[in-house]
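Per the numbering used here, the sequence shown runs over residues 72 to 534.
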Amino acid sequence: MGQGPVGRAQPSLTSAAQGLFPGVAVMKDHRLGALNNRAGLSQISGGRRSKIKVSAGLVPSGGCQPPWLNAPPLLASSLAHEAVSQLLQTDLSEFRTLPRQEEDNEEVEEQKAPVTLLDTKGLAWSFFNRLWEVCSQWQKQVPSTAQVPPRQWLVSIHAIRNTRRRMEDRHVCLPAFNQLFGLSDAVDRAYFAVFDGHGGLDASRYAAVHVHANAARQPELRTDPAGALREAFRRTDEMFLGKAKRERLQSGTTGVCALIAGKTLHVAWLGDSQVILVQQGQVVKLMEPHRPERQDEKERIEALGGFVSHMDCWRVNGTLAVSRAIGDVFQKPYVSGEADAASRELTGSEDYLLLACDGFFDVVPHQEVAGLVQSHLVRQQGSGLRVAEELVAAARERGSHDNITVMVVFFRDPQDLLEGGAQGAGDSQADRRSQDVPCDLSEAENNTPWRSEEAQPPSGTRL
Numbered sequence: 072m073g074q075g076p077v078g079r080a081q082p083s084l085t086s087a088a089q090g091l092f093p094g095v096a097v098m099k100d101h102r103l104g105a106l107n108n109r110a111g112l113s114q115i116s117g118g119r120r121s122k123i124k125v126s127a128g129l130v131p132s133g134g135c136q137p138p139w140l141n142a143p144p145l146l147a148s149s150l151a152h153e154a155v156s157q158l159l160q161t162d163l164s165e166f167r168t169l170p171r172q173e174e175d176n177e178e179v180e181e182q183k184a185p186v187t188l189l190d191t192k193g194l195a196w197s198f199f200n201r202l203w204e205v206c207s208q209w210q211k212q213v214p215s216t217a218q219v220p221p222r223q224w225l226v227s228i229h230a231i232r233n234t235r236r237r238m239e240d241r242h243v244c245l246p247a248f249n250q251l252f253g254l255s256d257a258v259d260r261a262y263f264a265v266f267d268g269h270g271g272l273d274a275s276r277y278a279a280v281h282v283h284a285n286a287a288r289q290p291e292l293r294t295d296p297a298g299a300l301r302e303a304f305r306r307t308d309e310m311f312l313g314k315a316k317r318e319r320l321q322s323g324t325t326g327v328c329a330l331i332a333g334k335t336l337h338v339a340w341l342g343d344s345q346v347i348l349v350q351q352g353q354v355v356k357l358m359e360p361h362r363p364e365r366q367d368e369k370e371r372i373e374a375l376g377g378f379v380s381h382m383d384c385w386r387v388n389g390t391l392a393v394s395r396a397i398g399d400v401f402q403k404p405y406v407s408g409e410a411d412a413a414s415r416e417l418t419g420s421e422d423y424l425l426l427a428c429d430g431f432f433d434v435v436p437h438q439e440v441a442g443l444v445q446s447h448l449v450r451q452q453g454s455g456l457r458v459a460e461e462l463v464a465a466a467r468e469r470g471s472h473d474n475i476t477v478m479v480v481f482f483r484d485p486q487d488l489l490e491g492g493a494q495g496a497g498d499s500q501a502d503r504r505s506q507d508v509p510c511d512l513s514e515a516e517n518n519t520p521w522r523s524e525e526a527q528p529p530s531g532t533r534l
């Protein structure tokens with residue numbers, strides 16, 4: 072398996088800004104994960120991980136290094152929130168643009184509300200100029216809201232295209248969720264997600280931009296986080312369907328996300344991307360993936376006038392192998408955009424979360440995950456830095472040809488898991504604490520210069 076270089080983490084301002092401002096995320100000409108270079112005015116608060124090295128080329132810096140380069144996630148999120156907040160107080164009418172002529176069709180005319188599109192290339196330039204101003208202000212005095220949070224997260228991420236023609240997976244890692252959205256209550260929040268696209272990149276990119284931003288907008292986020300996540304998926308699906316009709320997009324994406332709010336874990340999902348919890352070496356099932364062969368899903372589809380048939384696998388109307396997803400405009404309502412969600416109180420005995428797409432879970436059973444992770448920790452003397460990379464390799468060795476994305480979020484120090492002798496541990500014990508060298512947590516892009524033909528660089532860092 073090819074490897075990219077391992078280096079120090081560069082939590083990007085672009086990453087954080089996209090959590091509030093999709094204009095940064097949808098720029099076609101600058102390869103920031105563009106769907107096109109326009110965004111709906113109502114979509115001005117979405118976000119996903121990206122690369123600061125790309126965004127640096129957009130800043131009129133005169134050759135100077137951007138002041139936010141190497142900013143930790145907390146500071147990056149706080150800077151992004153402040154810059155976007157200031158920008159939203161200005162007149163954005165100069166960035167308005169008209170739909171392309173081919174977009175003026177009957178489907179668009181049937182939309183309930185008019186859509187105002189923005190030229191996001193110009194908007195992004197304006198954002199980065201504002202960001203420079205905020206950085207200059209904060210270099211003199213950093214506001215108290217940007218101080219170090221009480222909790223740090225050790226996260227290992229690895230993703231590969233595998234044998235597929237293109238990489239359609241996307242992932243999001245936001246340890247500073249509150250700072251990104253300006254939430255000032257006492258509940259610390261962190262958000263993690265994996266999206267597995269099909270039929271193109273558009274839907275998975277869009278979901279990675281908007282799901283968590285839509286969740287942050289929900290009034291019930293504080294009182295009913297699981298409900299807020301469900302509504303976030305529904306709203307994102309609704310928004311993307313409007314975009315798909317305007318721009319004739321046919322892609323879709325499954326997705327799974329985890330929101331850790333204080334001492335409670337909330338998960339939500341559409342389709343067959345999954346999340347599991349490992350607690351004291353035992354796998355805890357948190358969800359049931361949406362597949363056409365599920366009896367309740369089959370009955371729902373048939374009640375709507377569709378059908379489920381077996382063609383190498385169970386499929387909806389003979390096409391899709393998932394029964395729920397964001398997008399797939401031509402398979403609605405049979406392929407539903409209504410997510411399921413669940414919550415679980417955390418006791419302090421949890422080891423880690425694992426989020427992954429079906430490229431992993433189709434070949435690696437849940438019950439084998441803990442043993443694979445523990446074996447890796449034994450070999451690496453307690454370092455969890457490359458555990459996601461090893462899990463991806465295991466899936467590939469077992470015959471997976473799909474895109475594979477694995478994200479492991481540790482609740483406890485991996486060294487403690489090794490010393491505790493969790494399930495699957497070998498006889499050897501680590502005699503020293505390994506140093507986890509941080510490396511890039513950003514989302515994989517097919518065009519990044521350091522990316523090998525096969526694999527995204529292994530990723531693991533303390534956030």
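For each residue, glycine too, the CB sits at the ideal point set by N, CA and C.
*Using the rule of at least 16 other Cβ atoms within 10 Å of the residue's Cβ for burial, across every protein chain shown, is LEU36 buried or exposed?*
Because the chain here runs from 72 to 534, residue 36 falls outside it and cannot be looked at.
_PHE378: first and last residue of the uninterrupted beta strand (DSSP E) it sits in_ = The residue labelled residue 378 in the question sits at position 307 within the sequence shown. Counting along the chain, PHE378 falls outside any beta strand (DSSP E), and DSSP gives it neither H nor E.
*asked:* Alpha carbons only, please: which of GLY419, VAL282, GLY342 and ALA286 is nearest the one belonging to LEU348?
replied: Your numbering for residue 348 matches position 277 in the sequence shown. Out of GLY419, VAL282, GLY342 and ALA286, GLY419 has the C-alpha closest to the C-alpha of LEU348.
*Under three-state DSSP, which class holds ARG167?*
For the purposes of this step, residue 167 is taken as the residue at position 96 of the sequence shown. Here ARG167 sits in strand by DSSP.
*How many Å lie between ALA299 and GLU421 at the Cα?*
By one-based count along the sequence shown, residue 299 stands at place 228. By one-based count along the sequence shown, residue 421 stands at place 350. In a straight line, the C-alpha of ALA299 is about 24 Å away from that of GLU421.
*asked:* Suppose the cutoff is 8 Å on Cβ atoms and the five residues either side in sequence are ignored; what does the same chain contact list for ARG15 look like?
replied: Nothing about residue 15 can be read from this structure; the chain reaches only from 72 to 534.
*Between which two residues does the beta strand (DSSP E) harbouring MET478 extend?*
Mapped onto the sequence shown, residue 478 falls at position 407. From DSSP, the beta strand (DSSP E) with MET478 extends over 475–481.
*Name the DSSP bridge partner or partners of ILE372?*
Along the sequence shown, one-based indexing puts residue 372 at 301. Partner(s): none; ILE372 has no beta bridge.
_heavy atom of the ligand SAH below 8 Å from GLU416 C-beta_ = With respect to small molecules bound, the structure shown includes none, and the ligand SAH cannot be examined in it.
*Quick one: measure Cβ to Cβ for ALA230 and THR476, integer angstroms, because I've assumed they're closer than 8 Å.*
Translated into the one-based positions of the sequence shown, residue 230 becomes position 159. Translated into the one-based positions of the sequence shown, residue 476 becomes position 405. Contact between ALA230 and THR476 is confirmed by a C-beta separation of about 4 Å, below the 8 Å threshold.
*Under the DSSP definition of a beta bridge, which residues are partnered with CYS244?*
Within the sequence shown, the letter at position 173 stands for residue 244. DSSP, once it has assigned bridges, lists PHE263 as partnering CYS244.
*Apply the 10 Å Cβ neighbour rule to MET382 and answer buried if 16 or more other Cβ atoms are within range, or exposed otherwise.*
Taking the sequence shown and counting its residues from 1, one reaches residue 382 at position 311. Label assigned to MET382: exposed.
*Can you give, in chain order, each stretch of the alpha helix (DSSP H) that sits fully within the region 426–466 and has at least 4 residues?*
429–432 and 437–450
*Among ALA464, HIS447 and ALA465, nearest to LEU489 - alpha-carbon criterion*: The residue labelled residue 489 in the question sits at position 418 within the sequence shown. Comparing Cα positions, the closest option is HIS447.
*Between the region 321–337 and the region 279–291, are three or more C-beta pairs nearer than 8 Å?*
Yes, they touch.
*What first and last residue would you give for the alpha helix (DSSP H) that runs through GLY352?*
Here residue 352 is taken as the residue at index 281 of the sequence shown, counted from 1. Looking at the DSSP string, GLY352 is not in any alpha helix (DSSP H), and its letter there is neither H nor E.
*Does the separation of the CB atoms of PHE482 and LEU462 fall below 9 Å?*
To locate residue 482, count along the sequence shown from 1; it is residue 411. To locate residue 462, count along the sequence shown from 1; it is residue 391. PHE482 is not a Cβ neighbour of LEU462, given a cutoff of 9 Å.
*Which residue or residues does DSSP assign as beta-bridge partners of LEU336?*
Locating residue 336 in the sequence shown gives position 265, counting from the first residue. Within the DSSP bridge table, the entry for LEU336 names ILE331 and ARG415 as partners.
_Extent of the continuous alpha helix (DSSP H) run through ALA287_ = As a working mapping, residue 287 is identified with position 216 in the sequence shown. From DSSP, the alpha helix (DSSP H) with ALA287 extends over 273–288.
*Compute the Euclidean distance between the alpha carbons of LEU391 and SER275, then round it to the nearest angstrom.*
The count along the sequence shown starts at 1 and reaches residue 391 at position 320. The count along the sequence shown starts at 1 and reaches residue 275 at position 204. Spanning the two alpha carbons is a distance of roughly 16 Å.
*So what does DSSP say about TRP203, is it helix, strand or coil?*
Start at 1 with the first residue of the sequence shown, and residue 203 comes out as number 132. Note: TRP203 maps to helix in three-state DSSP.
*Best match in THR234, SER255, GLN345 and ASP295 for proximity to ASP267 [C-alpha to C-alpha]*: In the sequence shown, residue 267 corresponds to position 196, counting from 1. With distances taken between CA atoms, ASP267 lies nearest to GLN345 out of THR234, SER255, GLN345 and ASP295.
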